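Protein sequence lines, in the order shown, are assigned to chains A and B. Taken in order, the first sequence gives residues 69 to 754; the numbers are from this note's numbering. Taken in order, the second sequence gives residues 483 to 1125; the numbers are from this note's numbering. Input: a single structure, listed below in structure tokens.
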Amino acid sequence: MSAQTGGRRYRVAIDTGGTFTDAFFFDEETGAVSVTKVPSRPDRPDEAVLAAIAAAGIGPADIRLLTHGTTVATNALITRRLARAAMICTRGHRDVVEIRDGTKPDLWDAYVDVAEPYIRRRDRFEVDERIDYAGRVLTPLDEAGVRDLARILKRRGYEAVAVCFLNSYANPAHELRCKEILAEELGPDVFLCASAEIVPEMFEHPRHSTAMINAATGPVVSRYIERLDRSLKQGGYAGDLLILHSGGGVLTAQGASRYAARLASSGIVAGAIAGAHIAGQCGFENAISLDMGGTSTDISLCFQGRIPTTQRWQVEYGYPIMFPSVEVITIGAGGGSIAWIDQGGSLRNGPQSAGADPGPACYGTGGEEPTNTDANLLLGRLGGELLDGKVRLDADAARRAIHDRVGAPLSLDDTEAAHAILRVANANMANAVKLISVGKGFDPRDFALVVFGGAGPLHGADLARDLDIPVVIFPRFPGIASAMGCLLVDIRHDLATMMLKGASNDNLDEVEAEFRKLEDEARARLREEGVAPEAMELQRSFEMRYVGQWRQLEVAVGPEPLTDLAPVLDSFHREHARAYSFEDRGRGVEIYALRVVARGVVPKPQAAPAAAGARTTPPPAASRRQVHFGAGHGFLDTPVMRREELAPGMVLEGPMVIEQLDSTVILPPGTRSEVTPDHHIVMRFV
Amino acid sequence: MALDRVTFEVLKNAYVNLVDQMSEQLLRTCYSFVIYSRDFSNCLCDAQGNTVMQGSGDIAVHVGTLHFTAKSIIERFGDDIHEGDVFMSNDPYTGGTHFCDVRIVRPVFVDGELIAFTQSNGHWADIGGSVPGSFDINARHHYGEGLRITPMRVVTRGRMLDDVIDMIVGNTRAPADARGDFLAQCEATRLGAQRLLELVAKYGKDTVLESFAACQDYVETYARQKLATLPEGSWKTADFIDQDPSKPEGLIPIVVEMTIRDGRVSYDFTGTHPAIDCFLNGTESSVFSAVVAGTKFFFPEIPLNSGFYRFIDTKLPEGSVVNAPYPYAVTGFCSGAYEKVMNAIFLLWSQVIPERALACAFNLEYLLIGGTDRRPETNGNFFMWYDWSSGGWGARHGMDGSNVTSSLFGVGLAQQSVEAQERLNPVLMHAREIAPDSGGPGRFRGGCGVVKRAQLTDIDATVMSYCCDRARSITWGMKGGQPSLPHGVTHQRNGESRNLGAVFSNVPMQAGDWFIRPSAGGGGLYDPLERDPARVLEDVIDGYVTVEGARRDYGVVIEAVDPEIDDYRIDDAATAKLRDTLRAERAGWLDVPAEEVARKLREGSMDMLTAIRRHGVICDWNDFTLLPRTTEQFRAAMRERAR
């Protein structure tokens, strides 16, 4: 990353969603921010990225640093449109990813199965080789066998191969040699990975599963990123293309292609980061973020300022991805979710979505099925146009779709039908919010709800009322809040090595040497990515446990060379007592693994803090329209404001509609809101 | 304060979360790898001992028993229960399951009033007795099985009774680990109590107590509403344990008659065989658990607590294999009576709700190898390798059975990692892979089982034991679906093989010995000759079914054109012809003299799966000696289940 800005004055974040691709621009010279929003192109997501830049009236050459959140890996896994991939395993062990740990998420429903492995049994092969638990070679790698297998793989035309051997965490030599031979035989066009390179940790299934997912998504991700990178470079962009990963950090284009599995939740992490950040700006430590886009809603929780992360993440049950990941749940409910009547005659909402193509009926682009957007339009909650007039909405088409598909079959008038559609949509979202709040012992009444995404602010107030959440926050740029989240993160690599040694000073030299090895590799990775030495931050930690225990605790330590393990041990005992309310100082302690988190600190946009204004009333609304606020109120004559007209300190009385480029905010009757110094709206029920 | 809907919903889910937090704490701090693999459960009980909420990931086998243990503590200690006390029990005869399942129970007080108990039940890796891992199949009474802990106090008013704990852990093979597990469970119950007290502080004691009752009412109401939509009537079946080792060969019937009437379900076990002279017996509490767990599969959406037990009646004849009294051996109940009861209940409900039909699943199995580790890094250590397998579940209406899934006993019980096992034990797992042709044939195929081939490396003074069943009462199909294959372990030394059967203990092992151990697949559903040949072809490509198996079991003739690129083709004409032939012949298959089949097995002119699947012939699988009485019973059951 060059420190020179020159003409390159913009920090840009681009977040690809199911319906829209959003961009956030921060002008480093003036501190001004702006946003754009263009329809997504599921077939060519990179073109939507370029279009979002062009929409701001700038070109790639004006950008200093671009950060990108992408759903390309997630979508590939969900739709199973994966690369044609194979696995090579130790003889007798090709079924590791199918045997898994044998458990099911639903203990009691014998008709619900765990999904099949991403690589089927017919595509899993075996070779003779064996390494024991201590890393000793029992059976040498059958190199001739690997070459013969390569011939078969070539005949079958695989695009990717994962090499997954038993005990490779103890000695990766066979995996690496096998990969080398495959590279010779198959050439550079086949994506190869070895399990111990991806996750050098014990327990074969999580390691193999991660490698399997990496191989199955690798070619898809690389193709996408290479194409985007090339287009940006052709446009004059000279910086790095940074890709947001599941752990809430970024990787360079090169790293992202190699560790494709790290992107499995790239597209949804940004919203969690942005939601927590915005709630913090408004003074709330406990927040539930609801990012409702065109096709789906991502929900995350932040408690006392912290977003929970997990070491194991999965897109589908049974196939862990062993990289730290932010906890987010996604449900199929968005603006484009289709309302339909099931065989039992009951009104359903989603998970099918009209998406960007054909889009909701009111887009007039061929959609005939009623969506939440159509219902919002019919009820006056949405005006006649979106994106400042770039998309005109066809109210008649919306009315037709709702009447034909919902109203007539259920004998409801159009208004009742539209209202019923929204009630079902809100109930679905409320259940999902309960899963991560009430479902985990958090009382939603202790939280603020941050609503964003294009559709979130239309639904937020009603949802909060259903859930007894007292406060709703409407961010300044609801439609591109996720994109903004991309700007708040650093380059981050998580490295680890297994130890399984006693935590005594006898092993001190080895521990120090292993830490240094990890740090050297971490620095090398960051250096390759162009991070200056002064921007590198390395954090060491131990994973330790009492001898005989099965799980370990993380103990963070300083960067200075270790001279004595006693203080580390003491921290471990104290941490064990804090976490589990007991310690056992008489028992031996084992070092399970060493971890290094390597950050390449990326400069964050620093907007000038706005002064808190005195409380004022907003100017009179330029226009008014009839807006439906549920059965209790019916249609009310409602003022419609532009978001740009609002200033910090203004107090807004519901009912009110606030329109802006990327979203529409609904403030129902019985609420009072205030505009914060950062231009967010904080709404409370009165 | 009246309990409003939102508060009820919040509290109900907070209890789920409270119990799950106890589980998470136990998982993170336990020493027993059996507990680590999730053989545990935690619960919140009300002041009467009724279960208010059980963990969402807990295993089936503890369902329906934790309230018995809480009640046994109340019964034993009455008014002598105080704030800061903690109790322990592993007594199968007063509500427990088997000795390895050690339960820690902590009373919770508010203002001096007992309002609840938190309970943590974990499977310790060893609880003493004559065999490492405390699974002695030769035990005829509980005295050889391990230490029986009747309800007892282990912490009194906050003071740990160290002498008592010393005595208990001193009777196990790994005292330090046992103490660690005790502490971990104790702390899990403390965490649960603490979370409960936080809820009391926020919502008030009365609201919390009201919600305890409301949670149970909610479950009962939900279940009864569903029951009201089902037909009333009675259905009857039997499933079988392999044998009573002290008696001549012959299957041990467990007879179940289910009646749905007036919003209740009753299960009558009249006609069930008396208790047997080995450890596969069930007790009243463990069989009640099987009844609840079996029923729960047909009510998957309803949470579990004591409300679920209110609409179920059971009649368990005293002294029978489903209600074995003290001091009958019962440690292997999970492989014995338990899963037989569950599978029988599946068959019964499959008659009531055919679109949820479920054929028999593979049998829970445990292999225990203990001795001296002679590897250089751990030379002289005592090791105890304790392994279990997944297997196939029964075929379903419209779906094949699920492949390689944990057992019915606890689908949350995780399979262990080979890498972790090899690190801890002198064992080398040469293969752990899906067993072809193990799924019971049917229009819908049973799920596939797994086969393990392993070798002991650097050992000394080592013995092997095995706890399973269904070497004879083989995992069965329904309505024309066929059985899987027999469970059992084959021991190999210097190239010589011996089938040791599905239950044995203390077989001496030497360095370099092998054992080979398949788990069964699930039973099939409906006629295999009606299976779409295209699905058989897909199974062949994935190696779930062999080319020979396709011909034998499905009458589908498949030609391997170029296996390197998965080019297999169905010979349509040959398939049609073969299917016609099989249809014509099969009416007489179960009438072929059994001895003739056994003779062909001995001569090698017939394969074992043909003998079992077509002719219902059961032998001693080591030498193919016919078991006439067993065969007669197995054939009768095949005929009965085909209907």
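The C-beta atom is built at its ideal place from N, Cα and C for all residues, glycine as well. Values in this document were obtained by computation on a predicted structure and should not be read as measured data.
Inset, instruction - Kindly confirm or deny that the region 564-577 of chain A and the region 521-536 of chain A touch, where touching means at least three C-beta pairs closer than 8 Å. - result: no
Inset, instruction - For my contact list, Q897/B and S872/B are in at a C-beta cut-off of 8 Å; report their separation, rounded to the angstrom. - result: Your numbering for residue 897/B matches position 415 in the second sequence. Your numbering for residue 872/B matches position 390 in the second sequence. Right, the Cβ-Cβ distance comes to about 5 Å (below 8 Å), so this counts as a contact.
Legend entry - Interfacial residues, the region 138-172 of chain A to chain B, with Cβ spacing under 7 Å: G160, H161, R162, D163, E166, I167, D169, G170, T171, K172
Inset, instruction - Just the C-alpha distance for V474/A and Y431/A, rounded to the nearest angstrom, thanks. - result: Position 406 of the first sequence, counted from the start, is the residue given in the question as residue 474/A. Position 363 of the first sequence, counted from the start, is the residue given in the question as residue 431/A. Approximately 18 Å between the Cα atoms of the pair.
Legend entry - As assigned by DSSP and simplified to three states, the class of G247/A: As a first step, residue 247/A is located in the first sequence; it is residue number 179 there, counting from the start. The residue asked about is misnamed: residue 247/A is Lys in this sequence, not Gly. Of the three classes helix, strand and coil, the one that applies to K247/A here is helix, per DSSP.
Inset, instruction - Answer yes or no: do A13/A and L478/A have a C-beta to C-beta separation smaller than 8 Å? - result: Residue 13/A is absent from the structure shown; chain A starts at 69 and stops at 754.
Legend entry - Neighbouring residues, chain B, relative to I220/A (Cβ below 7 Å): In the first sequence, counting from the first residue as 1, residue 220/A sits at position 152. Correct list: E1046.
Inset, instruction - Taking only the alpha-carbon atoms, compute the straight-line gap between Q503/B and T551/B and give it to the nearest angstrom. - result: For the purposes of this step, residue 503/B is taken as residue 21 along the second sequence, with counting starting at 1. For the purposes of this step, residue 551/B is taken as residue 69 along the second sequence, with counting starting at 1. In a straight line, the C-alpha of Q503/B is about 21 Å away from that of T551/B.
Legend entry - Within-8 Å CB hit, G412/A to chain B: By 1-based counting over the first sequence, the position of residue 412/A is 344. Any reading at G412/A must be qualified, since the residue scores a pLDDT of 49, below 50, and its modelled position is unreliable; the value itself is stated next. Output row for G412/A: interface = no.
Inset, instruction - Taking only beta carbons into account, state which residues of the region 799-827 of chain B come closer than 9 Å to chain A, listed in chain order. - result: none
Inset, instruction - Closer than 9 Å, Cβ to Cβ, to anything on chain B: give me those residues from the region 633-665 of chain A, in chain order. - result: H644, A647, Y648, S649, F650, D652, R655
Inset, instruction - For chain A, find out if any of its Cβ atoms is closer than 8 Å to the Cβ of Y948/B; answer yes or no. - result: Counted from its first residue, the second sequence places residue 948/B at position 466. Taking Cβ atoms only, chain A never reaches closer than 8 Å to Y948/B, which makes this a no.
Legend entry - H879/B in three-state terms, based on DSSP: For the purposes of this step, residue 879/B is taken as residue 397 along the second sequence, with counting starting at 1. Coil at H879/B, not helix or strand.
Inset, instruction - Leaving out five residues on either side along the sequence, give the residues of the same chain with a beta carbon under 7 Å from the beta carbon of P614/B. - result: In the second sequence, the residue the question calls residue 614/B occupies position 132. Contacts found: D608, R655, L850, G852, M866.
Legend entry - Where L1072/B falls: helix, strand or coil (DSSP): As a working mapping, residue 1072/B is identified with position 590 in the second sequence. Correct three-state label for L1072/B: helix.
Inset, instruction - Grab the span of the beta strand (DSSP E) containing C370/A for me, first residue to last. - result: Numbered from its first residue, the first sequence carries residue 370/A at position 302. 365-370 is the span of the beta strand (DSSP E), which, as asked, contains C370/A.
Inset, instruction - Give the DSSP-derived three-state secondary structure of M69/A in the structure shown. - result: Walking along the first sequence from the start, residue 69/A turns up at place 1. In this prediction, M69/A scores a pLDDT of 36, lower than 50, which makes its location untrustworthy; no coordinate-derived value is stated.
Inset, instruction - Can you give me the start and stop residues for the alpha helix (DSSP H) that F694/B sits inside? - result: Position 212 of the second sequence, counting from 1, holds the residue named residue 694/B. First-last of the alpha helix (DSSP H) with F694/B: 687-709.
Legend entry - Reference L244/A, options I156/A, E294/A, D746/A, closest by Cα: For the purposes of this step, residue 244/A is identified with residue 176 of the first sequence, where counting begins at 1. Cα-wise, what sits closest to L244/A is I156/A.
Inset, instruction - Assign G412/A to one of three DSSP states: helix, strand, or coil. - result: Counting from 1 along the first sequence, the entry for residue 412/A is found at position 344. Interpretation of G412/A is limited by its pLDDT of 49, a score under 50 that renders its predicted location unreliable; the figure taken from the coordinates is listed afterwards. Reduced to three states, the DSSP call for G412/A is coil.
Inset, instruction - Kindly indicate if chain A contains any beta-carbon less than 8 Å away from that of A658/B. - result: If you number the second sequence from 1, residue 658/B lands on position 176. Output row for A658/B: interface = yes.
Legend entry - Cα-Cα separation between H1097/B and F522/B, rounded to whole angstroms: Within the second sequence, residue 1097/B is the residue found at index 615, counting from 1. Within the second sequence, residue 522/B is the residue found at index 40, counting from 1. Taking the straight line joining both Cα atoms gives about 41 Å.
Inset, instruction - Verify whether the separation of the beta carbon atoms of A100/A and P107/A is less than 8 Å. - result: As a first step, residue 100/A is located in the first sequence; it is residue number 32 there, counting from the start. As a first step, residue 107/A is located in the first sequence; it is residue number 39 there, counting from the start. Not a contact, by the Cβ cut-off of 8 Å.
Legend entry - Minimum Cβ-Cβ distance from L244/A to chain B less than 8 Å: If you number the first sequence from 1, residue 244/A lands on position 176. It does not; no Cβ of chain B falls within 8 Å.
Inset, instruction - Decide if R1065/B is buried, meaning its Cβ has at least 16 other Cβ atoms within 10 Å, or exposed. - result: In the second sequence, residue 1065/B corresponds to position 583, counting from 1. Label assigned to R1065/B: exposed.
Legend entry - Burial state of V773/B (16 or more Cβ within 10 Å): Numbered from 1 along the second sequence, position 291 holds the residue referred to as residue 773/B. By the 10 Å Cβ count, V773/B comes out buried.
Legend entry - Short-range partners of chain A found in the region 908-926 of chain B, where Cβ spacing is below 9 Å: L910, M911, H912, A913, R914, E915, I916
Inset, instruction - List the whole-angstrom C-beta distance separating F844/B from G874/B, where the pair is believed to meet the contact cut-off of C-beta under 8 Å. - result: Position 362 of the second sequence, counted from the start, is the residue given in the question as residue 844/B. Position 392 of the second sequence, counted from the start, is the residue given in the question as residue 874/B. Contact flag correct, Cβ pair sits at about 6 Å.
Legend entry - Straight-line gap, G170/A to V182/A (C-alpha atoms, nearest Å): Stepping through the first sequence from its first residue, residue 170/A is reached at position 102. Stepping through the first sequence from its first residue, residue 182/A is reached at position 114. Whole-angstrom Cα-Cα distance: 9 Å.
Legend entry - At least three beta-carbon pairs within less than 8 Å, the region 706-722 of chain A to the region 682-691 of chain A: yes
Inset, instruction - Can you say whether H561/A is buried or exposed, counting buried as having 16 or more other CB atoms within 10 angstroms of its CB? - result: Locating residue 561/A in the first sequence gives position 493, where the first residue counts as 1. H561/A should be labelled buried.
Inset, instruction - Quick one: grab the DSSP three-state call for L234/A. - result: Here residue 234/A is taken as the residue at index 166 of the first sequence, counted from 1. Here L234/A sits in coil by DSSP.
Legend entry - Range covered by the alpha helix (DSSP H) that runs through I167/A: For this step, residue 167/A is matched to residue 99 along the first sequence. Unbroken alpha helix (DSSP H) run through I167/A: 164-167.
Legend entry - Assigned secondary structure, Y431/A (DSSP; H/G/I helix, E/B strand, else coil): Mapped onto the first sequence, residue 431/A falls at position 363. It is helical.
Legend entry - Short CB-CB distance (under 8 Å) between W176/A and chain B: Along the first sequence, read from residue 1 onward, the residue named residue 176/A stands at position 108. Taking Cβ atoms only, chain B reaches closer than 8 Å to W176/A, which makes this a yes.
Legend entry - Contained beta strand (DSSP E) runs [length at least 3] in the region 884-963 of chain B, N- to C-terminal order: 909-916, 932-938, 941-949
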